[in-house]
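Comments concern the structure below.
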Amino acid sequence: MAFGLELIFLTIIVLAVLGIAAYIVSIYNGLVRLKNDIKKAWANIDVLLKQRSDELPKLIESVKGYMKHEREVLTSLTKARTEFLKAKSMSEKAAADGMISQALKSIFAVAENYPQLKASENFIQLQNRISGLENELADRREFYNDSANEFNIRIESFPDTIIAGMMGLRQPAEMFKVAEEEKKDVEVKF
Amino acid sequence: MAEGDIFVYAIVGFFAGLYFFYKGFGWLNRKRLIENTPTSKIRSIAMGLVEVYGEALPAFGKILKSPLSAKDCVYYKYKIEEYRRAGKHSTWVTVKEGAEGIPFFLRDETGAVLVDPNGCDADIPQDFQFQSGTNKDPPASIRQFLAKNDMSFEGFLGINKTMKYAEYYIAPKDKLFIMGNAGDNPYVEEATGTENAADIMIQKGDKNKFYYISDRSEKKVLKDLGTKTFLGIYGGAALTVICLAVMLGYLGML
Chain A
1001 MAFGLELIFL TIIVLAVLGI AAYIVSIYNG LVRLKNDIKK AWANIDVLLK
1051 QRSDELPKLI ESVKGYMKHE REVLTSLTKA RTEFLKAKSM SEKAAADGMI
1101 SQALKSIFAV AENYPQLKAS ENFIQLQNRI SGLENELADR REFYNDSANE
1151 FNIRIESFPD TIIAGMMGLR QPAEMFKVAE EEKKDVEVKF
Chain B
435 MAEGDIFVYA IVGFFAGLYF FYKGFGWLNR KRLIENTPTS KIRSIAMGLV
485 EVYGEALPAF GKILKSPLSA KDCVYYKYKI EEYRRAGKHS TWVTVKEGAE
535 GIPFFLRDET GAVLVDPNGC DADIPQDFQF QSGTNKDPPA SIRQFLAKND
585 MSFEGFLGIN KTMKYAEYYI APKDKLFIMG NAGDNPYVEE ATGTENAADI
635 MIQKGDKNKF YYISDRSEKK VLKDLGTKTF LGIYGGAALT VICLAVMLGY
685 LGML
């Protein structure tokens, strides 16, 4: 009789140990995946930032003939692009991204004053391409922030926080913040 | 029920419990993977494992007819079972099952992407069910399908067999939650798709085998997986222990 009970207790203990081990492995793998997903989400933003940056010289070239009196707008875009190319860290790139977005908004808004420019096929194509990239960037920033938020919640929630601590994952992921200037509407002077 | 039967059921229950205990962790991993993956907007999906939500639309004017109910669809799976008796026991036996899909577009408010449903784990509810038997012939669409596959709903002396027909399909305009691998569309040369959306296709991945399509929302999918996980892990463990106790009791070891 005692052997039978012992066998039942042993089975319960084995199942409990297996269950806990499998649960820990599941948390560990989940955290590794989340950490890598954030890196991948950032890399996916970086690809688009680079593509957009490559389009900017073409845009400047196509508008500069028309916008002779808008030197300030064009200079701000060139400066923002230079900042982006110099940027190394994520926060630097995010800041330069904000500056570029703001400068682009200004250029497209000012372009409203130049009917010939607005009718230029080259300009229309570039505007569509850059607007498309801007939309994709907005989606990917949102995706990145969702991934970072999920990671931050996990590393602070119980029991994941224990495993995260053992893995050295204590630092919350940085969120992609929109620069204050980018939230403002573009002022167009007629 | 004979005493010997209890012992046999206990052995079956013991292994079933272990199976569900193991399966429970698979469901837990799947639940965590879905929870941890944010939903992408279709216009900006990146290559690799993606989670998207949108409406199914036929691609390139192609559409399938579901085999049993002859409905328009882009994916279907079906199962035909027959009720068979052997001595004292009787059971439902699967006599034919299958699945087929054609690439379709999934569209959300930002764009569309091509999806190849072949090889997916389709978690869709039953859309059609019929049971034929004595004095109950199956409808024409089923009879046609059976004839095409050299099968019959009639048995000895032309008496109808008891058969069950179940069909699941994804119809155009169904809202779908999809988690799969976004990669190059193998059917077109890169960047030559007539629509941009045709250059990328969501499909079963070579490395990441997880490919899941459901017509429920992510919230419902997660709730269902949560229940399965709980029942699998705790229910499986409880079933294993109870069945072990029954076996030991039968053997006089308790």
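Chains as they are written, first to last, in this note's numbering: chain A, 1001 to 1190; chain B, 435 to 688. We put the CB at the ideal spot given by N, CA and C, even for glycine.
Looking at residue j and residue i, is the spacing between their C-beta atoms short of 7 Å?
| i | j | result |
| --- | --- | --- |
| A/Ala1138 | A/Ala1173 | no |
| B/Ser500 | B/Tyr603 | yes |
| B/Glu534 | B/Met597 | no |
| A/Gly1004 | B/Met687 | yes |
| B/Leu610 | B/Asp561 | no |
| A/Ala1073 | A/Ser1106 | In the sequence as displayed, the identity of residue 1073 of chain A is Val instead of Ala. It is a contact, given that the beta carbons lie within the stated cut-off. |
| B/Ile479 | B/Ala616 | yes |
| A/Ala1103 | A/Glu1083 | no |
| B/Asn470 | A/Glu1150 | yes |
| A/Lys1118 | A/Ala1111 | yes |
| B/Pro537 | B/Ala493 | yes |
| B/Tyr510 | B/Phe564 | no |
| A/Ile1027 | A/Ile1163 | yes |
| A/Leu1048 | A/Leu1169 | no |
| B/Val529 | B/Leu540 | no |
| A/Ile1012 | B/Val675 | yes |
| B/Cys507 | B/Ala444 | no |
| B/Tyr668 | B/Phe441 | no |
| A/Glu1070 | A/Ile1130 | no |
Thinking just about the alpha-carbon of each residue, which of the options is nearest to the one in residue i?
| i | options | result |
| --- | --- | --- |
| B/Asp690 | B/Gly669, B/Gly567, B/Val549, B/Ser575 | Since the first residue of chain B shown is 435 and the last is 688, residue 690 of chain B is not available in this structure. |
| B/Ala556 | B/Phe644, B/Thr663, B/Tyr453 | B/Phe644 |
| A/Tyr1114 | A/Ile1008, A/Glu1083, A/Ala1022, A/Gly1065 | A/Gly1065 |
| B/Phe454 | B/Leu678, B/Leu665, B/Leu682, B/Val680 | B/Leu665 |
| A/Lys1093 | A/Ala1164, A/Leu1010, A/Ala1043, A/Phe1158 | A/Ala1043 |
| B/Phe449 | B/Gly670, B/Ala679, B/Leu682 | B/Gly670 |
For residue i and chain B, any beta-carbon pair shorter than 7 Å?
| i | result |
| --- | --- |
| A/Leu1077 | no |
| A/Thr1161 | no |
| A/Arg1140 | yes |
| A/Glu1187 | For A/Glu1187, the pLDDT reaches just 49, beneath the cut-off of 50, and the residue's location in the model is therefore unreliable, although a value from the coordinates is still provided. Closer than 7 Å: no. |
| A/Phe1143 | yes |
| A/Leu1015 | yes |
| A/Ile1153 | no |
| A/Ala1022 | yes |
| A/Asp1097 | no |
| A/Asn1044 | yes |
| A/Ile1008 | yes |
| A/Thr1082 | no |
| A/Glu1150 | yes |
Would a check of beta-carbon distances place residue i closer than 7 Å to chain A?
| i | result |
| --- | --- |
| B/Phe459 | yes |
| B/Val708 | Absent from the model: residue 708 of chain B. The displayed extent of chain B is 435 to 688, so no value can be given. |
| B/Met687 | yes |
| B/Asn615 | no |
| B/Ser478 | yes |
| B/Ile440 | no |
| B/Gly627 | Here the model assigns B/Gly627 a pLDDT of 48, short of 50, so the residue's position is not dependable and the matter cannot be decided. |
| B/Lys643 | no |
| B/Pro472 | yes |
| B/Lys475 | yes |
| B/Asn463 | yes |
Give the range of the alpha helix (DSSP H) segment to which residue i is assigned.
| i | result |
| --- | --- |
| B/Ile536 | Here B/Ile536 belongs to no alpha helix (DSSP H), and DSSP marks it neither H nor E. |
| A/Asp1054 | 1002-1064 |
| B/Leu491 | Element bounds for B/Leu491: not the alpha helix (DSSP H) but the beta strand (DSSP E), 482-492. |
| B/Lys513 | Per DSSP, B/Lys513 belongs to no alpha helix (DSSP H); it is in the beta strand (DSSP E), 509-520. |
| B/Ile676 | 670-684 |
| B/Met635 | It is not in any alpha helix (DSSP H) - B/Met635 instead sits in the beta strand (DSSP E) that spans 634-637. |
| A/Ile1155 | 1121-1156 |
| A/Ser1101 | 1090-1110 |
| B/Ser575 | 574-582 |
| A/Ser1076 | 1071-1086 |
| B/Val655 | 652-664 |
Short of 6 Å in beta carbon distance, which residues of its chain neighbour residue i, apart from the five on each side in sequence? Order them along the chain.
| i | result |
| --- | --- |
| B/Tyr646 | Asp555, Met613 |
| A/Ala1041 | Phe1143, Tyr1144, Ser1147 |
| B/Gly627 | Because the pLDDT at B/Gly627 is just 48, under 50, the model does not fix this residue reliably, and the value given afterwards should be weighed accordingly. Result list for B/Gly627: Asp633, in chain order. |
| B/Leu673 | Gly447, Gly451 |
| A/Leu1059 | Leu1126 |
| A/Ile1124 | none |
What is the residue span of the beta strand (DSSP E) that residue i lies within?
| i | result |
| --- | --- |
| B/Asn615 | 609-618 |
| B/Gln565 | 562-566 |
| B/Val549 | 545-549 |
| B/Ala556 | 555-557 |
| A/Met1167 | Here A/Met1167 belongs to no beta strand (DSSP E), and DSSP marks it neither H nor E. |
| B/Ala600 | 597-604 |
Is it the case that the CB of residue i approaches a heavy atom of the ligand SAM more closely than 6 Å?
| i | result |
| --- | --- |
| A/Lys1039 | Within the structure as shown, the ligand SAM is missing, as the structure has no ligands at all. |
Closer than 7 Å by C-beta to residue i: which residues in its own chain qualify, once you throw out the five before and the five after it? Chain order, please.
| i | result |
| --- | --- |
| A/Gln1116 | Tyr1066 |
| A/Thr1161 | Ile1155 |
| B/Leu580 | Ser586, Phe587 |
Ordered along the chain, which non-local residues of its own chain (more than five positions away) have a Cβ less than 8 Å from that of residue i?
| i | result |
| --- | --- |
| B/Glu485 | Ile468, Thr471, Pro472, Thr473, Ser474, Phe611, Ile612, Met613, Glu652 |
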